[in-house]
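Here's the structure, in structure tokens; my notes come after.
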Amino acid sequence: MGTQRPDLLPMTRPSIDEETIQGVCEVLRSGWITSGPQVKAFEAALSRYFGGRPVRAFNSGTCTMEIALRIAGVGPGHEVITTPLSWVATSNVILAVGARPRFVDIDPVTRNIDLGRIEGAITSATRALLPVDLAGLPVDRDALYSIANRHGLRVVEDAAQAMGSQFRGKPIGSIGDLVSISFHPNKNITCIEGGCLVMNNAEEARLAEQYRLQGVVRSGFDGMEVELAGGKFNLTDVAARVGLGQLPHLARFNARRAELARLYFMQLQERGAVEFGLQLPVADFAHSNWHMFQVVLPEERLTIRRAQVMERLSDLGIATGVHYPAIHLFALYRRLGFGPGDFPITERVGRNILTLPLFAQMTDADVVRVAENLMQVLRAAAR
């Protein structure tokens with residue numbers, strides 16, 4: 003792994019305070035560093051945040067989706083409808099349970115799954131919907147659950163990026179079916195590596211615990227039974243202590259992200275970004291947690307490709323990212339029969355989407371510098 007240039011404005015950076023760092027030291031000194039009292043405390047705090055719903059913590063926001071699918075009874079011979087514009091984990095977990103992803107193209111404005119196309123993709127094999135809240139912008143839950151209820155489908159919400167986002171004034175995760183959240187270091191709050199699954203009842207929570215650790219059920223001092231084939235997905239107490247320190251700052255972090263996003267809109271619009279053809283995200287400050295600020299480059303206006311734009315910005319001390327390439331064009335999915343032209347909106351966005359720096363520690367001057375340099379690079383490369 004390379005080292006980060008000290009002059010480079012990173013795309014993201016976690017904010018971890020001294021109290022949390024000292025708390026981690028206390029956990030390390032305690033001798034109990036794997037799953038224990040800190041995990042239970044973190045789960046309890048998350049449950050309170052999500053309105054009292056059952057919550058279990060895991061070592062990633064990927065296994066949470068896989069376990070949710072298993073809880074929902076999805077397996078071989080089944081199909082799960084999802085978006086082709088996401089981190090590949092979203093569809094990999096469908097393959098992991100033996101099912102097949104059925105992709106639906108995205109809405110060109112929100113970049114989330116196009117809800118208007120879902121019903122046309124439902125077959126007799128469909129068992130669940132797996133939408134993604136890209137960049138923290140929530141999928142319309144009313145429309146989503148209307149479709150699910152009409153067709154008797156379970157919903158596994160890939161809300162990995164949506165911690166602190168809201169729908170109709172309620173936090174994502176406080177409503178809905180099975181909701182998966184990520185606490186990866188690039189998320190709005192982190193526990194280093196980790197995630198949680200929000201469920202509907204105690205029976206689902208019991209199943210989640212079994213899937214989390216080899217299917218084991220313990221009783222008494224020495225009683226042990228294994229009822230199903232679980233995995234090794236437990237969260238450590240070290241990671242949980244980081245999460246406990248992060249959660250109280252979520253509202254402040256997200257408020258600062260929103261301020262920075264507003265400034266991005268102002269700076270880019272003042273520099274003629276929209277007229278140039280740069281597609282900005284939906285300016286939804288009522289629902290989004292502004293996990294990412296993503297633009298879509300106007301490839302027809304440029305003499306260079308996205309990689310060259312990223313390289314030139316890097317030379318100017320600005321890191322950027324790609325979230326995400328089109329899933330169905332990866333070799334794994336081409337072997338399943340998907341290919342170019344299947345989802346043209348996703349393919350265009352996947353070629354041209356660019357994630358700009360956005361994190362709570364950024365300054366207003368950082369945003370001004372990014373907007374200014376981005377537009378200079380684009381104009382210099384205009385046809």
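For the sequence shown, the numbering used here begins at 3 and goes up steadily by one.
Glycine included, each C-beta is placed from N, C-alpha and C at the ideal position.
- Rounded to the nearest angstrom, the Cβ distance from Thr-128 to Glu-68 is 18 angstroms, too far for a contact under 8 angstroms.
- If you look at Val-311, you'll find it in the alpha helix (DSSP H) that goes 308-317.
- Rounded to whole angstroms, the separation of the alpha carbons of Leu-146 and Arg-170 is 14 angstroms.
- For Pro-103, the enclosing beta strand (DSSP E) stretches over residues 102-105.
- In the same chain as Val-228, and ignoring 5 residues on each side of it, the C-beta atoms closer than 8 angstroms to its own belong to Gln-216, Gly-217, Val-218, Val-219, in chain order.
- Bounds of the alpha helix (DSSP H) holding Gln-378 are 366-382.
- Excluding five sequence positions before and after Ile-35, the CB atoms of its chain that fall closer than 7 angstroms to its own CB belong to Val-29, Thr-238, Asp-239, Val-240, given in chain order.
- In the structure shown, Pro-133 adopts coil according to DSSP, grouped into three states.
- In the same chain as Ala-101, and ignoring 5 residues on each side of it, the C-beta atoms closer than 6 angstroms to its own belong to Val-76, His-80, Val-82, in chain order.
- Remark: C-beta atoms of Thr-22 and Gln-248 approach each other more closely than 8 angstroms.
- The three-state secondary structure of Gln-40, taken from DSSP, is helix.
- The stretch 303-320 makes contact with the stretch 351-358, as at least three CB pairs between them are under 8 angstroms.
- For Phe-295, the secondary structure class from DSSP, reduced to helix, strand or coil, is strand.
- Here His-153 has Ile-124 as same chain residues with Cβ atoms under 6 angstroms from its own Cβ, once five neighbours each way along the sequence are excluded.
- For Gly-225, DSSP records a beta bridge to Ser-221.
- In the DSSP annotation of this structure, the continuous segment of the beta strand (DSSP E) that includes Leu-358 starts and ends at 355-358.
- For the 8 angstroms CB-CB criterion, Leu-180 and Val-158 form a contact.
- When secondary structure is reduced to three states using DSSP, Glu-195 falls in the coil class, being assigned neither helix nor strand.
- Sequence-distant partners of Gly-343 (beyond 5 residues in either direction) whose C-beta falls short of 8 angstroms from its own C-beta, in its chain, are Glu-349.
- Here DSSP, grouped into helix, strand and coil, assigns Leu-117 to helix.
- The continuous alpha helix (DSSP H) containing Leu-30 extends over residues 20-32.
- Unbroken alpha helix (DSSP H) stretches of 4 residues or longer found wholly inside the stretch 47-98: 65-73, 91-98, given in chain order.
- For Leu-252, the uninterrupted alpha helix (DSSP H) run begins and ends at 252-272, by DSSP.
- A Cβ-Cβ separation of about 6 angstroms places Arg-259 in contact with Leu-360 under the 8 angstroms criterion.
- For the 8 angstroms CB-CB criterion, Leu-71 and Val-106 do not form a contact.
- Within the same chain, Leu-48, Val-57, Ala-59, Ile-183 come within 6 angstroms of Cys-198 by CB-CB distance, once the 5 residues on both sides are set aside.
- Within a 10 Å sphere around the beta-carbon of Gly-196 sit 16 or more other beta-carbons, which makes this residue buried.
- Looking only at Arg-55, Val-372, Ser-126, the smallest Cα-Cα distance to Leu-315 is reached by Val-372.
- In its chain, beyond the 5 residues on either side, Pro-300, Arg-303 have a beta carbon closer than 6 angstroms to the beta carbon of Gly-279.
- Non-local beta-carbon contacts of Leu-318 in its own chain, meaning distances under 8 angstroms to residues more than five positions away in sequence, involve Asn-375, Val-379 in chain order.
- Thr-322 carries a coil assignment under DSSP once its states are collapsed to helix, strand and coil.
- A distance below 8 angstroms separates the beta carbons of Glu-121 and Ile-149.
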